[in-house]
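Using full-length UniProt numbering, you'd call the opening residue of the sequence shown number 1 and step up by one each time.
Just so you know, even glycine gets a beta-carbon here, dropped at the ideal spot from N, CA and C.
These numbers were taken from a predicted model, which means no experiment stands behind them.
Before any comments, here is the structure.
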Amino acid sequence: MSAPPAPDAPPARSGRAAPDDSGSDDPADQPESSTENLRIAKRRHPVRWVVAALALVVVAQFAHGLATNPGWDWGTFAQYFTARSVLTSLKITLELTMWGTALGFLLGTALAVARLSDNPVLKVISWTYIWAFRSIPLIVQLLFWFNIAYLYRTLSVGIPFGPAFFRFEVNGVISGFTAAVIGLALHQAAYSAEIIRAGLISVDQGQLEAAAALGIPRLRQFRTVVAPQAMRSILPNATNEVISLFKGTSIVSVMAIAELFYQVQVIYGRNGRVVPLLMVATFWYVVLTTILSVAQYYIERHYAKGTRRDVPPTPWRRVRDRLGEIATPRGATR
């Protein structure tokens, strides 16, 4: 008998591994790429630089005219820029802006809520108010309230169509400043109502449905769900309205109220220095408008944290980073 055949022996292992036709994906097995040390060149835009150079020439020419033209009379400008009468009138301008903004947005919020309500009477009243006060020019409204005593010499408070509890003279209560505040506030309320209404309806309805499903009361829904989200839409337009109202206070000069523009008119009416006095008012308007714009930027940046993971850097941070890039030599590691 012959012996059974021996089982096949396993193949002998070689010291060198068989090549893998599939290729290796391990980064360690790949040779170091020579492109790592290459720099990506930025695309050049010569047209932009030409336009920028022309703009700088125009700005330099304008600045040269400001410095050399004697008609600007910067000495008179410096004399009256911080004069007591100008600062007092500036305070009145700020008070008009503050009262007009506060009362206007308070009434505008009520009008916006009434416009969004299910009550048809409130809807019609709100729509009619907004339509009327947006249609009538602001100067007409101011002059109407300034001359309200021609229509009503006395006003009374009491039961409607019944006895009056007390009466008072209109001229003794509504001064020029009060009439200006009433006119500015009522005018501002019409525009504020539309801004607030647009912000409220921008909130997703599903947010309210989810809050109602959780049993959150309506007032708390508005305070914690609707208002924070609506502010992102309301704030930019609201700040623009405040800036517009601040500059619009110059219209009350027709009522002989000693605000900034009226006081400047009085001064250059006495000394004839029209241009430098107008520049005094212009610089104060620019300074305070800039402050409001900076405040608007940081408020918007605060409310943007809920929607953006990467909040954009502040302008000061951008300037600092840009200066750091310019100061760092090319190829150096920061």
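Measure the CB-CB distance between residue i and residue j and report whether it falls below 8 Å.
i    : j    : result
E259 : V266 : no
H187 : Q221 : no
V254 : L143 : yes
A300 : P236 : The sequence shown places Glu at residue 300, not Ala. In this structure, P236 lies closer than 8 Å to E300 by Cβ.
V225 : Q207 : yes
F105 : P276 : no
G108 : I234 : no
L66  : W284 : no
V86  : Q229 : no
W145 : I182 : yes
I257 : F177 : yes
R134 : Y191 : yes
Q296 : T249 : no
R153 : V170 : yes
For residue i and residue j, I'd like the C-alpha separation in whole angstroms.
i           : j    : result
L103        : L323 : 45 Å
I159        : F166 : 11 Å
V319        : E241 : 29 Å
A149        : S175 : 10 Å
I92         : L214 : 49 Å
L292        : A227 : 22 Å
A180        : F161 : 29 Å
N69         : F168 : 56 Å
E209        : P217 : 12 Å
D321        : W49  : 22 Å
A198        : T88  : 37 Å
D73         : T82  : 16 Å
Y303        : R223 : 15 Å
G15         : R39  : Here the model assigns G15 a pLDDT of 48, short of 50, so the residue's position is not dependable and the matter cannot be decided.
V203        : F261 : 41 Å
V274        : G71  : 10 Å
T282        : A164 : 49 Å
W127        : P137 : 18 Å
R44         : V58  : 24 Å
L122        : Y268 : 49 Å
A132        : T289 : 29 Å
I139        : A63  : 36 Å
R84         : V294 : 27 Å
Y129        : N147 : 21 Å
residue 339 : L219 : With the chain covering 1 to 334 only, the question about residue 339 has no answer from this structure.
R270        : L278 : 14 Å
S117        : G272 : 56 Å
A212        : P120 : 24 Å
V51         : K42  : 19 Å
A53         : V286 : 26 Å
When we look at the beta-carbon of residue i and count the other beta-carbons within 10 Å, is it buried (16 or more) or exposed?
i    : result
L151 : exposed
T101 : buried
V280 : buried
Q61  : exposed
S156 : exposed
R115 : buried
L184 : buried
Y298 : exposed
Give the C-beta separation of residue i and residue j to the nearest angstrom, bearing in mind that I take them to be a contact with Cβ-Cβ under 8 Å.
i   : j    : result
A55 : L111 : That belief does not hold up - the Cβ atoms of A55 and L111 are roughly 44 Å apart, past 8 Å.
Does residue i get closer than 8 Å to chain B when you measure Cβ to Cβ?
i    : result
A164 : Here there is only one protein chain, and chain B is not present.
Q) Per the contact definition of three or more C-beta pairs closer than 8 Å, is the stretch 87-105 in contact with the stretch 233-247? A) yes
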